[in-house]
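Participant: Reading the sequence shown from the start, the letters are residues 1 to 445 in UniProt numbering.
Below is the structure I would like to discuss, written out as structure tokens.
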Amino acid sequence: MEESGGEVGVAVREYIKKEVGDWDDDLAARSRFKAFSGQFSDWESTFLFWRHLILHVSGHFQFLFIRPSQLKKDWFNRGGLSPLCLEQVLSLMHKERDILPTHHLVDPRAGRLSHILTKLTNLFFTTTNTSYENDVFIVMPVLKEKAARLLKLLADENLSPSSTCVITINRFEHISASPQEASAILSYLSSQSQARFLSLSLNRNTPHIIQGVKVSLSTSPVTSVSSLDCDVLHLISTTETLEQQLAVIDKRCQSSKKAAMASLASGNKNVALRHLRTFKLVDKSREKCASLLSRVEEVLLLISNAESTKKVSEAIQIGAQAIKENNISVKEVEHSLQQLEESVDLQKQVEYALESTPSYTSVDNEDIEEEFKKLELEIGCVNNSHQPIHEAEAQATAAEATALDSAESLSEAFSNLKVVDVLSSTAAARDIAAKETKDLELERA
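Right, here's the structure in full:
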């Protein structure tokens, strides 16, 4: 569970003082810390203040679990005084599903009978118990945020086109911050039909059980667990075990090699030879382990490719069914495919043209310095004679005026055109534009 004592507690209190400007004001604290009494409208604003503060602090520090005792003695402690209305605030937040006691979570790893007993216990607890002093609450907005982050991470790591993925429970807990957090996220995803817990026993004679989670990476509910999911879970578990063995073997190889070098440097050849034999044996076992890991990864890749082929086949079947239902002829399909190919080819040509555009970022510094010197010489020549400057300015002004006149005449010419034939209109427009451009160039010259 996450604790807010020590340095974290100090950081929380400092953050509260920063967010609540009048936190140290005695008059404001007196109205906030007193117990609720009267109608809901009398203390609604105070409740909303505490509710917002609890959720805001939890979200900022990513506190998934909070304890009422921590809130009283650590977060909101002002010189030994704590809010008298805190239990009422937590009770209302519980009713509004902002927070949830941890014992209300339904563990998907338990059986169906355990689920029923948990629901009955929660119902009895809700109707009879009104004290939250010793409870641990889950902050639901933080839980939803962490669950969404976990799904995004799995979606980024998933290379197959499938909308679901299967991972081991160890991997699921490793992605989460702790086993408690993993349990809370798994319970939430299971309640939202986005995850299913699965387990399989390798052999009846051995107690080893592989546990995993099937997660939906889309908004659609996760499908039921199939035999293929169990096989994939077995392969993934084997991959993780082999990777761990490789890590251990690599450490043994390094230690044996270092010991052999140290013995050889000290002149003890017999000990060095013994360490070298150990190194060779460990290295052979590493090759076998790496080979087996490669084979398992190839099988997983084949399964992924089979899923891709299956999806393509399903898409073809859906397309064929749509063609039949809409009475589309083969010629229309071929025409549409031809248009699609032309569009793809045109897009490729555009991309090729953009890629083949010369880059100006690789200009040599020497060329830049040479051009800079030429510009300095030209500027020096211009500064020596003021008359040419005025003439150049006058010419530039005349050129600009001519360009404006040309643009206006070009616009007027286009507006007078009547759309009769697309080709003829385009050709006429090109002729006018070419003529105006040529006149403009002659005037500038």
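Even glycine gets a Cβ: it sits at the ideal position worked out from N, Cα and C.
Taking all protein chains shown into account, do 16 or more other C-beta atoms lie within 10 angstroms of the C-beta of Y352, making it buried, or fewer, making it exposed?
Facilitator: Position 352 of the sequence shown, counted from the first residue, corresponds to residue 352. Exposed, because fewer than 16 other Cβ atoms sit within 10 Å of the Cβ of Y352.
Participant: If I'm right that S163 touches L84 with Cβ under 8 Å, what's the distance once you round it to whole angstroms?
Facilitator: Start at 1 with the first residue of the sequence shown, and residue 163 comes out as number 163. Start at 1 with the first residue of the sequence shown, and residue 84 comes out as number 84. Actually they do not touch by this definition, with Cβ atoms about 50 Å apart.
Participant: Could you spell out the range, first to last residue, of the beta strand (DSSP E) harbouring Q211?
Facilitator: On the sequence shown, residue 211 is found 211 positions in, with the first residue counted as 1. Note, Q211: beta strand (DSSP E), I209 to S216.
Participant: Put R67 into one of helix, strand or coil per three-state DSSP.
Facilitator: The residue labelled residue 67 in the question sits at position 67 within the sequence shown. R67 falls in the coil class under three-state DSSP.
Participant: What residue range does the alpha helix (DSSP H) around A28 cover?
Facilitator: Here residue 28 refers to the residue found at position 28 when the sequence shown is read from its first residue. Note, A28: alpha helix (DSSP H), D26 to F33.
Participant: In this structure, how does DSSP classify F49 when only helix, strand and coil are distinguished?
Facilitator: Mapped onto the sequence shown, residue 49 falls at position 49. DSSP places F49 in helix when its eight states are reduced to three.
Participant: Using a Cβ-Cβ cutoff of less than 7 Å, which residues in the same chain neighbour P141 once the five nearest sequence positions on both sides are dropped?
Facilitator: Here residue 141 is taken as the residue at index 141 of the sequence shown, counted from 1. Once the five neighbours on either side are set aside, the close Cβ partners of P141 are L55 and G59.
Participant: Closest to D98 by C-alpha separation, out of D107, S82 and L53, would be which residue?
Facilitator: Working through the sequence shown from its first residue, we reach residue 98 at position 98. If we check each option's Cα against that of D98, L53 comes out closest.
Participant: Cβ of G9 within 6 Å of any heavy atom in the ligand FMN?
Facilitator: You won't find the ligand FMN in this model; it holds no ligand whatsoever.
Participant: Beta carbon of H234, beta carbon of A259: below 7 Å?
Facilitator: Within the sequence shown, residue 234 is the residue found at index 234, counting from 1. Within the sequence shown, residue 259 is the residue found at index 259, counting from 1. Their beta carbons are not under 7 Å apart, which means H234 does not touch A259 by this criterion.
Participant: Which residues bound the alpha helix (DSSP H) around P179?
Facilitator: Position 179 of the sequence shown holds residue 179. Here the alpha helix (DSSP H) through P179 covers P179 to S191.
Participant: Between the alpha carbons of residue 461 and L71, how many angstroms are there, rounded?
Facilitator: Because the chain is modelled from 1 through 445, residue 461 falls outside the range shown and cannot be assessed.
Participant: Among L228, I175, V344 and E341, whose alpha-carbon lies nearest the alpha-carbon of L198?
Facilitator: Looking up residue 198 in the sequence shown gives position 198. If we check each option's Cα against that of L198, L228 comes out closest.
Participant: What residue range does the beta strand (DSSP E) around C230 cover?
Facilitator: For the purposes of this step, residue 230 is identified with residue 230 of the sequence shown, where counting begins at 1. No beta strand (DSSP E) holds C230; the alpha helix (DSSP H) holding it covers S227 to A265.
Participant: Three-state secondary structure (DSSP) at L105?
Facilitator: As a first step, residue 105 must be located in the sequence shown, where it is residue number 105. In this structure, L105 counts as coil in the three-state DSSP scheme.
Participant: What are the residues that DSSP puts in a beta bridge with F61?
Facilitator: Reading the sequence shown from its first residue, position 61 is the one you call residue 61. Its beta-bridge partners do not exist; DSSP assigns none.
Participant: Would you decide whether E181 is buried or exposed? Buried here means 16 or more other CB atoms lie within 10 Å of its CB.
Facilitator: By one-based count along the sequence shown, residue 181 stands at place 181. Under this definition E181 is a buried residue.
Participant: Going by beta carbon distance, what residues of the same chain come within less than 6 Å of S208, once the five residues before and after it are set aside?
Facilitator: Here residue 208 corresponds to residue number 208 of the sequence shown, with the count starting at 1. Note on residue identity: the sequence assigns His, not Ser, to residue 208. Closer than 6 Å at Cβ, skipping near neighbours: L202.
Participant: Buried or exposed for I210, going by 16 or more other Cβ atoms inside 10 Å?
Facilitator: Walking along the sequence shown from the start, residue 210 turns up at place 210. Counting Cβ neighbours within 10 Å, I210 comes out buried, since at least 16 surround it.
Participant: Give me the Cα-Cα distance between K17 and A155, rounded to the nearest whole angstrom.
Facilitator: By one-based count along the sequence shown, residue 17 stands at place 17. By one-based count along the sequence shown, residue 155 stands at place 155. Looking at the two C-alpha atoms, the distance is approximately 39 Å.
Participant: Please confirm if the segment 236-247 is in contact with the segment 288-298, defined as three or more CB-CB distances below 8 Å between the two stretches.
Facilitator: Result yes; three or more Cβ-Cβ pairs closer than 8 Å.
Participant: Does the beta-carbon distance from P101 to D135 come in below 7 Å?
Facilitator: As a first step, residue 101 is located in the sequence shown; it is residue number 101 there, counting from the start. As a first step, residue 135 is located in the sequence shown; it is residue number 135 there, counting from the start. Taking 7 Å as the Cβ cut-off, P101 and D135 qualify as a contacting pair.
Participant: Less than 7 Å between the C-beta atoms of I167 and V213, yes or no?
Facilitator: Residue numbering aside, residue 167 sits at position 167 when the sequence shown is read from its first letter. Residue numbering aside, residue 213 sits at position 213 when the sequence shown is read from its first letter. Yes, Cβ-Cβ distance for I167 and V213 is below 7 Å.
Participant: Between the C-alpha atoms of Q192 and R78, what's the straight-line distance to the nearest angstrom?
Facilitator: For this step, residue 192 is matched to residue 192 along the sequence shown. For this step, residue 78 is matched to residue 78 along the sequence shown. Rounded to the nearest angstrom, the two C-alpha atoms are 40 Å apart.
Participant: Between the C-alpha atoms of Y188 and L143, what's the straight-line distance to the nearest angstrom?
Facilitator: The residue labelled residue 188 in the question sits at position 188 within the sequence shown. The residue labelled residue 143 in the question sits at position 143 within the sequence shown. Their backbone Cα atoms lie some 8 Å apart in a straight line.
Participant: If we call anything under 7 Å between Cβ atoms a contact, is L150 one with I169?
Facilitator: As a position in the sequence shown, residue 150 is number 150, starting the count at 1. As a position in the sequence shown, residue 169 is number 169, starting the count at 1. Not closer than 7 Å, so no.
Participant: Does the beta-carbon of R32 have 16 or more other beta-carbons within 10 angstroms, so that it is buried, or is it exposed?
Facilitator: Indexing the sequence shown from 1 puts residue 32 at position 32. Burial call: buried.
Participant: Classify I328 as helix, strand or coil using the three-state DSSP reduction.
Facilitator: If you number the sequence shown from 1, residue 328 lands on position 328. Here I328 sits in coil by DSSP.
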